[in-house]
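Single-structure report; data block below.
In the numbering used here, the protein residues as written are 2 to 128.
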């Protein structure tokens, strides 16, 4: 999947926001992505690549770019049943790759991680 110029611009702006959030967490201040609750789609990037998630049933809204070792989340609306997780190539940040699809009920939400490497990636459900 190739990022459009608008999506790439949004992704690079999001990376700055993730950096700020990471700094806040390291300083001991909890950011909004630090707690997972029901009706939330939470993804952590525990591989060696940046990740992001989309919710196709909610107009393809997406998380900001999630730097390795951090997490991001999206609120779920009723009727949502799955989310897609993507990774970004380290050597070519303008190109994305598919990691996996997470299935859930909107009332319970989902929490998991993108793991592995850009050539051997997989999705883990924290269920």
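Even glycine gets a Cβ: it sits at the ideal position worked out from N, Cα and C.
Which value, in whole angstroms, describes the spacing of the CA atoms of residue 22 and residue 97? Bear in mind that a pLDDT of 38 at residue 22, under 50, signals an unreliable position, so the model cannot answer this.
Near residue 56, what residues of its chain come up, given a Cβ to Cβ distance below 7 Å and the 5 sequence neighbours on each side ignored? 42, 62, 75, 81, 84
Identity of the residue in 54, 87, 89, 79 nearest residue 73 by Cα: 54
Tell me whether the beta-carbon of residue 119 lies closer than 7 Å to the beta-carbon of residue 90. yes
Do you know offhand how far residue 47's Cα is from residue 115's? 6 Å
Looking only at C-alpha atoms, which of 79, 69, 117 sits nearest to residue 108? 79
For residue 69, which residues of its own chain have a beta-carbon under 7 Å away from its beta-carbon, when the five flanking residues on both sides are left out? 46, 48, 49, 50, 51
Drop a sphere of 10 angstroms on the beta-carbon of residue 92, count the other beta-carbons inside from all chains shown, and report buried for 16 or more, exposed for fewer. exposed
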